[in-house]
Amino acid sequence: MARRTRLVKRDGRLTKSLIITLRLPARSRSESPPPRVQEYKVPPKKDSNSSVMADSDSWPIFDIEDAAVSVPGLESVADILEIVAKKRLSTVVVRGMIDQRHRLKGSMKAEIHTDLLDPIELRKITFYSIGVDPVALWIGHESAWYSIFPDAAQSELWQSQCHAIGIFFAAVGYYEEDSARLTLPMIDQVTQILAKHASQINGLGCTLGDLIRACRSNTQFLEFHMRDTAPSQECKDGTEFDFPSTMFYKWIKGGCAMEELMTGTVNFNDVQDATLYTDVLDPVDAEGDTMMVDAGEDEEATPGPRTSIPKGKKKVWPPFKGEYISPQRPKGTPMPETFNDATLAMIYHFVHTGRENLTLDTITVGSINTALYKDFTFKMPQVASHMMTHNAREIYNALPPNFKKANIGKELLAQTPIAGPIKCTKDHDTKRSNDQMKGLNNGTETLKQRGSGRHSGATASSSAGAPAPAAVRAGRASRAADEPSAAVAPSVGLAPSPSGSGTTIGNVVIKDQPGFINGKPIPKPIKRSGVTWFGTGEDYY
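Written out as structure tokens, the structure is:
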């Protein structure tokens, strides 16, 4: 039995609700029933709005794949969060595909036909809800919840919306943890909330600039959601506060102006600790192998202080062990011996193998830095980032023309060498990083591929006598970039996971064994916020 809490709106306030999850005993293969596929039916309409709100937690949940959100009369892509803020949700039209496998008789046929999708269109939407762990956006229509999985045309907008949703919940948790934070300067509150959100998204390569842009793009929604759906909150020590009185809300309402943050000072290296390479916080042993956690304990254990928001379709990728093979580096090419060669090999390897589901159009300097730290024995990620800024121009010059024209080439040109020593959050990390940087620059220290000693993943021929991956010798810092500018690496896509719940009896949620919604396993309970009724067929301006 595991205890969990989620945010629930009651009487205009966002409060925590306890959910007890009972885990049923495991059954043998012969005893296990065939997987269920939840049948999609148009739910019955409710007579009163109050009863609709009261029963919203028990509504069935369905996934809309390749969802396109639009507003009649507008040709551009509609921002559903902006429409929510304007209280015009009833004008939205959502089109997509929904799983219809329940029409097949027999579970075996339902499992064979995994792509049986039928078109669906929703109009006159009356509710919306947002959640984290994983990040998700639901719309309520005729007593059912629909998870939105955007199509390719709206993927970039969805990334920004996911950041906005995560930042809202990060702000709620930030103030709830310690009432003393309410008196901190604006720059401290803003940067700490953004860093809290960045540390919860499992290292998707986002930077401080990405998060500030996400706030600017979603100011209307963040202001509306903090002001109207969660205005009054309570800290753990019992101190009550209003969101509109916080510095973070005032910064959002003011348009997220950078000038307002300049009244104080901030160590941007400390902020970078939380906003770059956050997935390297996952446990790694001395050989560079990602430590595994028992699946049973991980599924039901009480979550620790560090959570993961978009944990559904986003995979935490382990370090790579072996040769970096690509058309530019055929099989058998010696391991790179300088930092520049290692970076080039990493870029080619990403594009050729589709590592971390990235392509030439989506690969970023942040993802390359993260991979370098995970694959090679850097003491801290800041060492790799410092070397990248100083060697960016030489790396760019060595790229093929098509790579130079891509986003990775533009980001390399935008890199500005970091002046001064490395600064980390902890003093001993600062010393270790600077000592290693000094050794790498003067050639007295070398890097090795993590896990090259054992569990290296080498082929049979290489294990029979081929040399182990050669040490990577870091090159000295090259000349500074000719065109310095602030480099901001766009974050990779955030994808929501399938949503659903088990059988609910009162406040007890019993997980079905096995349990499926639209053919996908039922995940952990999801925190929600902002279940708001806007009326039916009535527009608000």
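Going by the UniProt record's numbering, the sequence shown opens with residue 1, and the numbers climb by one from there.
The C-beta atom is built at its ideal place from N, Cα and C for all residues, glycine as well.
Between D79 and the set G131, I148, F378, the nearest pair of CA atoms involves I148. Secondary structure note for E411: its alpha helix (DSSP H) is the uninterrupted segment 407-414.
Closest by C-alpha distance to M247, out of T183, H225, I125, F378, is T183.
For secondary structure counted as the beta strand (DSSP E) over 3 or more consecutive residues, the stretch 143-171 holds these complete runs in sequence order: 145-150. In this structure, the alpha-carbon of Y324 lies about 48 angstroms from that of A85. Of the residues assessed, R123 falls on the exposed side of the cut-off, its CB having fewer than 16 other CB atoms within 10 angstroms. In the displayed model, G173 falls within a helix according to three-state DSSP.
Under the three-state reduction of DSSP output, V93 falls in the strand class. As computed with DSSP, R432 is found in no beta bridge at all. Each of V135, E142, K331, Q154 was checked against the Cα of D66, and the nearest Cα belongs to Q154.
Between A68 and G96, the gap from beta carbon to beta carbon is short of 8 angstroms.
A Cβ-Cβ separation of about 4 angstroms places I120 in contact with I98 under the 8 angstroms criterion. Inclusion of I201 and Y174 in the CB contact set at 8 angstroms is not warranted, their separation being larger than that value. Under the three-state reduction of DSSP output, R181 falls in the helix class. By the neighbour-count definition (other C-beta atoms within 10 Å, threshold 16), P72 is an exposed residue. Under a 10 Å Cβ-count criterion, D242 is classified as exposed, with fewer than 16 other Cβ atoms of the shown protein chains found around its own Cβ. With respect to the C-alpha of T389, the residue from G366, A171, P319 having the closest C-alpha is G366. For Q415, the closest C-alpha among the options K379, D188, S433, R393 is that of R393. M335 and M346 have their C-alpha atoms some 11 angstroms from each other. DSSP places G209 in the uninterrupted alpha helix (DSSP H) bounded by 208-217. By the Cβ rule, the stretch 430-445 does not count as touching the stretch 394-404, because fewer than three pairs are nearer than 8 angstroms. L222 carries a helical assignment under DSSP once its states are collapsed to helix, strand and coil.
Here C206 is not near C256, since their CB atoms are 8 angstroms or more apart.
DSSP places L194 in the uninterrupted alpha helix (DSSP H) bounded by 186-199. The beta carbons of D237 and S179 sit about 5 angstroms from each other, so the pair counts as a contact at 8 angstroms.
Cβ-Cβ separation between I252 and L222: approximately 5 angstroms, consistent with a contact (criterion under 8 angstroms). When beta bridges are read from the DSSP output, D63 appears opposite S147.
With contacts defined by Cβ atoms closer than 8 angstroms, K438 and T430 do not form a contacting pair. Judged by DSSP in its simplified three-state form, A78 adopts coil rather than helix or strand. Counting of Cβ neighbours within 10 angstroms places P381 among the buried residues, the total reaching 16 or more.
Less than 8 angstroms divides the Cβ of I130 from the Cβ of I165.
Buried is the label assigned to L211, since at least 16 other Cβ atoms lie within 10 Å of its Cβ. Excluding its 5 nearest sequence neighbours in each direction, N369 has C-beta neighbours in its own chain below 6 angstroms: A384, S385, M388, listed in chain order.
For Q436, the closest of R88, Y396, F376 by C-alpha to C-alpha distance is F376. In the three-state reduction of the DSSP assignment, W138 falls in the strand class, which pools E and B.
In the DSSP assignment, I130 falls within the unbroken beta strand (DSSP E) covering 127-132.
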